[in-house]
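Take the sequence shown: its letter number 104 is residue 102 in our numbering, and every next letter is one higher.
Everything on this sheet refers to the single structure shown next.
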Amino acid sequence: MKPFLKPLAMLILLGACLLASAETLSIGSTAPPIKVEKWLKSTPIESFQPGKVYVLEFWATWCPPCRESIPHLTQLAKKFSGKAIFAGISISEEQKSDTDLSYVDVVRKFVNAQASKMDYHVAVDRPDRTMATSWMQAAGEDGIPTAFVIDQKGKIAWIGHPMQGLDSAVEQVVSNKFDAKKAGEERNRDKAKTADLSDPQSNGSMTALAVAIQHKDWKAAATTCDVIFASDRSQEKLYGPIKFLALLQTDEAAAYKYGHRVAEGLYKESPMQLSTLSQMILSEEYGPKRPDTSFALQLAEQSVALSQSQDPAFLDTLANAELHANAAEKALETDQKALHLLDTTKLYPAPVLDQIRALITKRLDRIKQQIAGAGPASEKGHDLPSTKPIVGHGSFI
């Protein structure tokens, strides 16, 4: 199906879609509310109070690693008594139906049997898995035990295995020495390293890529792309532009080397990808400080040739490259052709055509200003709109 998005805007929408389908809760996010079926030990925690630190551990009675972490959590609860509140939330217990509550008694008996060994707040999830969904699934976590540290402002400060770094994280949070940005970057890198190589569409790899894009952690984004490609080279057709974008932010030489390779190989007959790479190079927000204008022009020309000069969006990308190459007269001719095509093309639905028309019209005004010696070749952010991207369907392939 023909894509309904301007290439670079489509790539950014891809990142948004990945986030929507993968991780929506990450370090720095506001902690979701606590909505449990029943509190089984200690006083209920109704909400996160400002100025207090909380630790929520998600576990299950049938989970051996969860049982092993119970004494450790009890030790931490005593160590940080008065400084941090610890709670265990039982999830994913066996149910006979969506309304079956018999699992509550199973958890209650388990907690009672633990007695002082499990000396912190304990609750059990609702039968509709409210907590599992709003916390674990939202954070892209598919294994237990998993702990969340909530800081004094009600924000997620740390997510991880309770036996691997929780002690240090709580210590730093309660003393106001925790570096959330650093923790977020480390989490992104860890997710990229532990992504499921047997399935490039796995929750782990998609979550890692989505979060890296969201936080503009470009090194993690590039690493995750490599993980995906190592498992299934065909995925490079879709995610290659993301790797190119990530490399442009971290290693321009590597970015251009990679760009030339895919342009001459994998993308040599893919006008959408070629046009996208051209836009990335010339983007005022995401492009390099010294863009390779000749390469951007080459990519745009190749894209237009492959589409037989019949796609107004690709023509507009070419006009942008020509404008940056100081060929304003050619850019004017190209965008005028693109504008004319909008009256006859059937490649895009009417609402999208209106938005493309607005972009082309704006660029034509800029081109005319440059010809008259009254304006710059580009305006910051034009090629990567800060407004909501055009919503449509389709893919890069």
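Glycine is no exception: its CB is placed at the ideal position from the N, C-alpha and C atoms.
Bear in mind the structure is a predicted one, so any value in this text is a computation, not a measurement.
Does the separation of the CB atoms of residue i and residue j fall below 8 Å?
{"i": "Ala155", "j": "Ala178", "result": "yes"}
{"i": "Ser24", "j": "Lys153", "result": "no"}
{"i": "Asp333", "j": "Ile358", "result": "yes"}
{"i": "Ser281", "j": "Ser301", "result": "no"}
{"i": "Lys396", "j": "Leu313", "result": "The structure shown does not extend to residue 396, since the chain spans only -1 to 395, so no value can be given for it."}
{"i": "Ala113", "j": "Glu55", "result": "no"}
{"i": "Pro269", "j": "Leu304", "result": "yes"}
{"i": "Val147", "j": "Val120", "result": "no"}
{"i": "Pro62", "j": "Leu99", "result": "no"}
{"i": "Asp123", "j": "Glu35", "result": "yes"}
{"i": "Arg127", "j": "Leu38", "result": "no"}
{"i": "Leu295", "j": "Ala323", "result": "yes"}
{"i": "Glu234", "j": "Leu272", "result": "no"}
{"i": "Ser90", "j": "Ala136", "result": "no"}
{"i": "Tyr284", "j": "Leu339", "result": "no"}
{"i": "Cys223", "j": "Ile142", "result": "no"}
{"i": "Ala218", "j": "Glu169", "result": "no"}
{"i": "Pro31", "j": "Ser45", "result": "yes"}
Per the DSSP calculation, residue i is bridged to which residue(s)?
{"i": "Leu54", "result": "Ala85 and Phe146"}
{"i": "Ala121", "result": "Trp37 and Ile87"}
{"i": "Gly158", "result": "Ala145"}
{"i": "Lys153", "result": "Thr28"}
When burial is assigned at 16 or more other CB atoms within 10 Å of the CB, is residue i buried or exposed?
{"i": "Asp149", "result": "buried"}
{"i": "Lys76", "result": "exposed"}
{"i": "Trp60", "result": "exposed"}
{"i": "Arg185", "result": "buried"}
{"i": "Ala326", "result": "buried"}
{"i": "Thr248", "result": "exposed"}
{"i": "Lys151", "result": "exposed"}
{"i": "Gln368", "result": "buried"}
{"i": "Lys241", "result": "buried"}
{"i": "Ala244", "result": "buried"}
{"i": "Arg231", "result": "exposed"}
{"i": "Gln47", "result": "exposed"}
{"i": "Thr97", "result": "exposed"}
{"i": "Arg361", "result": "buried"}
{"i": "Ser67", "result": "buried"}
{"i": "Asp309", "result": "buried"}
{"i": "Ala193", "result": "At Ala193, the pLDDT of 48 sits below 50, so the modelled position is not reliable and the matter cannot be decided from this model."}
{"i": "Gln162", "result": "exposed"}
{"i": "Arg364", "result": "buried"}
{"i": "Ala311", "result": "buried"}
{"i": "Glu139", "result": "buried"}
{"i": "Ala348", "result": "exposed"}
{"i": "Val260", "result": "buried"}
{"i": "Cys15", "result": "The predicted model places Cys15 with a pLDDT of 47, which falls under 50 and marks its position as unreliable, so this point remains unresolved."}
{"i": "Ala228", "result": "exposed"}
{"i": "Ala400", "result": "Examination of residue 400 is not possible in this model, given that the chain is present from -1 through 395 alone."}
Taking the alpha-carbon of residue i as reference, which of the options has the nearest alpha-carbon?
{"i": "Lys50", "options": "Trp57, Lys81 and Gln135", "result": "Lys81"}
{"i": "Thr22", "options": "Pro239, His213, Ala261 and Pro286", "result": "His213"}
{"i": "Tyr118", "options": "Pro125, Ile142 and Ser79", "result": "Ser79"}
{"i": "Ser88", "options": "Phe108, Gly257 and His322", "result": "Phe108"}
{"i": "Thr72", "options": "Leu316, Lys115 and Leu297", "result": "Lys115"}
{"i": "Asp215", "options": "Asp103, Ala181 and Ala323", "result": "Ala181"}
{"i": "Glu262", "options": "Pro289, Leu297, Ala251 and Arg288", "result": "Leu297"}
{"i": "Thr41", "options": "His70, Thr222 and Phe84", "result": "Phe84"}
{"i": "Phe293", "options": "Glu283, Ile279, Lys287 and Tyr284", "result": "Ile279"}
{"i": "Ala370", "options": "Leu330, Thr274 and Tyr284", "result": "Leu330"}
{"i": "Asp290", "options": "Glu283, Glu267, Gly257 and Lys266", "result": "Gly257"}
{"i": "Glu250", "options": "Asp224, Ala220 and Val225", "result": "Ala220"}
{"i": "Gly86", "options": "Gly238, Asn318, Ile43 and Lys217", "result": "Ile43"}
{"i": "Glu299", "options": "Ala319, Lys287 and Pro286", "result": "Ala319"}
{"i": "Leu306", "options": "Thr274, Ile226 and Thr343", "result": "Position check: residue 306 holds Gln in this sequence, whereas Leu was assumed. Among Thr274, Ile226 and Thr343, the Cα nearest to that of Gln306 is on Thr343."}
{"i": "Tyr52", "options": "His70, Ala167, Met134 and Gln93", "result": "Ala167"}
{"i": "Ile157", "options": "Ser173, Met134, Asn174 and Lys175", "result": "Met134"}
{"i": "Pro160", "options": "Gln353, Ala206 and Leu74", "result": "Leu74"}
Using a Cβ-Cβ cut-off of 8 Å, state whether residue i counts as contacting chain B.
{"i": "Asp149", "result": "Absent from the structure: chain B. Only one protein chain is present."}
The ligand PLP and residue i: does the residue's C-beta get closer than 7 Å to at least one heavy atom of that ligand?
{"i": "Leu295", "result": "Ligands displayed in this structure: none; no statement on the ligand PLP is therefore possible."}
(message) Restricting to runs no shorter than 4 residues, where is the alpha helix (DSSP H) found entirely within the segment 223 to 307?
(response) 234 to 248, 250 to 262, 269 to 280 and 291 to 304
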